[in-house]
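One point on numbering: in full-length UniProt numbering, the residue at position 93 of the sequence shown is 93, and numbering is uninterrupted. Each residue gets a CB set at the ideal place from its N, CA and C atoms; glycine is no exception. Take a look at the structure below.
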Amino acid sequence: MYPDIALHYIDDAFLVAEKPPGLLSVPGRLPENQDCLVSRLQAVYADVLTVHRLDQVTSGLMLHARGKQMQAALSAQFEQRRVGKRYEAVVEGVVEGDAGEIALPLICDWPNRPKQKVDHEHGKPALTRWRVLARDAPACRTRLELEPVTGRSHQLRLHLASLGHPIVGDVLYGAAAAARVHLHARRLAFAHPLTGEAVAFTSPCPF
Numbered sequence: 001m002y003p004d005i006a007l008h009y010i011d012d013a014f015l016v017a018e019k020p021p022g023l024l025s026v027p028g029r030l031p032e033n034q035d036c037l038v039s040r041l042q043a044v045y046a047d048v049l050t051v052h053r054l055d056q057v058t059s060g061l062m063l064h065a066r067g068k069q070m071q072a073a074l075s076a077q078f079e080q081r082r083v084g085k086r087y088e089a090v091v092e093g094v095v096e097g098d099a100g101e102i103a104l105p106l107i108c109d110w111p112n113r114p115k116q117k118v119d120h121e122h123g124k125p126a127l128t129r130w131r132v133l134a135r136d137a138p139a140c141r142t143r144l145e146l147e148p149v150t151g152r153s154h155q156l157r158l159h160l161a162s163l164g165h166p167i168v169g170d171v172l173y174g175a176a177a178a179a180r181v182h183l184h185a186r187r188l189a190f191a192h193p194l195t196g197e198a199v200a201f202t203s204p205c206p207f
């Protein structure tokens with residue numbers, strides 16, 4: 001097993017892996033972008049299939065199916081928004097208010113892809129809920145818990161940048177450079193595709 005991929009759980013239906021920051025979720029188009037989490041897992045567990053993705057810069061929990069039947073069952077839970085997802089992020093600036101929602105429609109910014117942009121005419125609806133966990137006034141930063149109700153590409157990153165609070169290290173969306181982008185997939189909750197039992201997994205935030 002690749003030493004940098006930790007497994008939180010594995011059975012005959014799925015596995016939950018910890019994606020390190022900087023590693024792709026799935027292979028890219030270019031030859032130099034073939035190394036990714038799913039290919040590393042498939043080197044050990046040949047039946048592993050992708051269910052959802054995290055951005056390359058994001059760390060944290062990723063659910064993978066074992067076989068096409070389990071992939072279809074788990075993918076349906078994501079599509080029907082029956083998967084509970086929580087992220088933790090540190091953003092630039094001191095956020096006012098303790099909680100709120102961001103509802104801004106998003107679309108790919110094609111000339112600058114993979115960047116996304118807000119587009120009220122052609123964008124797809126996107127909703128993010130946020131809650132303040134801690135404020136660091138001297139550093140001018142805020143730690144947030146994030147719930148992406150929808151699952152658009154770069155949704156959390158662009159929504160927070162649109163508030164004037166880009167995620168620390170996210171230079172694509174206007175933040176100053178840092179050692180990494182401070183975005184971590186902290187919790188996944190869903191129904192076991194074989195038993196229907198509610199299961200949940202958590203990963204401590206590494207920053």
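(message) Quick check on the DSSP output: the alpha helix (DSSP H) that includes S39 runs from which residue to which?
(response) Position 39 of the sequence shown holds residue 39. Taken as a continuous stretch (DSSP letters only), the alpha helix (DSSP H) holding S39 covers L37 to Q42.
(request) Below 7 Å CB to CB, which residues in the same chain sit around P20 once its five sequence neighbours on both sides are set aside? (result) Numbered from 1 along the sequence shown, position 20 holds the residue referred to as residue 20. Cβ neighbours of P20 beyond the five flanking positions: D4 and S59.
(request) Name the two residues that bound the continuous beta strand (DSSP E) containing R135. (result) Reading the sequence shown from its first residue, position 135 is the one you call residue 135. Start and end: L127 to D136.
(message) Quick check for students: name the residue ranges of the beta strand (DSSP E) that lie wholly in the stretch 84–111, counting only runs of 3 or more.
(response) Taking 3 residues as the shortest admissible run, the stretch 84–111 contains the following complete beta strand (DSSP E) segments, listed from N- to C-terminal end: 84–92, 99–103 and 106–108.
(message) Whether or not the stretch 110–129 and the stretch 23–31 are in contact is what I'm after, with contact meaning three or more pairs of Cβ atoms, one per stretch, closer than 8 Å; do they touch?
(response) no
(request) Report back the beta-carbon spacing between A89 and L183 to the nearest angstrom; my notes put them in contact at under 8 Å. (result) Taking the first residue of the sequence shown as position 1, residue 89 is located at position 89. Taking the first residue of the sequence shown as position 1, residue 183 is located at position 183. Confirmed, about 5 Å.
(request) Please state if the CB of L74 and the CB of V51 are separated by a distance shorter than 8 Å. (result) If you number the sequence shown from 1, residue 51 lands on position 51. If you number the sequence shown from 1, residue 74 lands on position 74. For V51 and L74, yes; Cβs fall inside 8 Å.
(request) Starting from the Cα of G97, find the closest Cα among R135, A189, P114 and L37 and give me that residue. (result) Locating residue 97 in the sequence shown gives position 97, counting from the first residue. For G97, the nearest C-alpha among the options comes from R135.
(request) Express the C-alpha separation of D119 and P111 in angstroms, rounding to a whole number. (result) Locating residue 111 in the sequence shown gives position 111, counting from the first residue. Locating residue 119 in the sequence shown gives position 119, counting from the first residue. Distance between the alpha carbons of P111 and D119: 14 Å.
(request) Indicate whether H165 and T142 have their beta-carbon atoms separated by less than 8 Å. (result) For this step, residue 165 is matched to residue 165 along the sequence shown. For this step, residue 142 is matched to residue 142 along the sequence shown. Cβ distance < 8 Å, so H165 and T142 count as in contact.
(request) Tell whether a beta-carbon distance below 8 Å holds between A17 and L41. (result) Here residue 17 corresponds to residue number 17 of the sequence shown, with the count starting at 1. Here residue 41 corresponds to residue number 41 of the sequence shown, with the count starting at 1. Yes; because the gap between Cβ atoms is below 8 Å, this pair is in contact.
(message) Less than 8 Å between the beta carbons of F190 and V57, yes or no?
(response) Working through the sequence shown from its first residue, we reach residue 190 at position 190. Working through the sequence shown from its first residue, we reach residue 57 at position 57. Not in contact: F190 and V57 (Cβ atoms no closer than 8 Å).
(request) Give me the Cα-Cα distance between R113 and A46, rounded to the nearest whole angstrom. (result) Translated into positions along the sequence shown, residue 113 becomes position 113. Translated into positions along the sequence shown, residue 46 becomes position 46. Each residue's Cα considered, the two are about 32 Å apart.
(request) Please check the pair R152 and L106, which I expect to be a contact at CB under 8 Å, by giving their CB distance rounded to whole angstroms. (result) Along the sequence shown, one-based indexing puts residue 152 at 152. Along the sequence shown, one-based indexing puts residue 106 at 106. Rounded, the Cβ-Cβ distance is 5 Å, consistent with contact.
(request) Taking the CB atoms as reference points, tell me whether F201 and L188 lie closer together than 8 Å. (result) Looking up residue 201 in the sequence shown gives position 201. Looking up residue 188 in the sequence shown gives position 188. Taking 8 Å as the Cβ cut-off, F201 and L188 qualify as a contacting pair.
(request) May I ask you to list the residues that DSSP assigns as paired with L148? (result) For the purposes of this step, residue 148 is taken as the residue at position 148 of the sequence shown. Note on identity: in this sequence residue 148 is Pro, with Leu being the wrong assignment. Partner(s): T128.
(request) List the endpoints of the continuous beta strand (DSSP E) containing E79. (result) Position 79 of the sequence shown, counted from the start, is the residue given in the question as residue 79. Per DSSP, E79 is not a residue of any beta strand (DSSP E); the alpha helix (DSSP H) it occupies stretches across K68 to E79.
(request) Please look up how many angstroms separate the CB atoms of D170 and R157, rounded, as I've assumed it's under 8 Å. (result) Indexing the sequence shown from 1 puts residue 170 at position 170. Indexing the sequence shown from 1 puts residue 157 at position 157. About 5 Å separates the two Cβ atoms, so the contact holds.
(message) Measuring only the C-alpha atoms, how far is P31 from A99?
(response) Here residue 31 refers to the residue found at position 31 of the sequence shown. Here residue 99 refers to the residue found at position 99 of the sequence shown. Spanning the two alpha carbons is a distance of roughly 43 Å.
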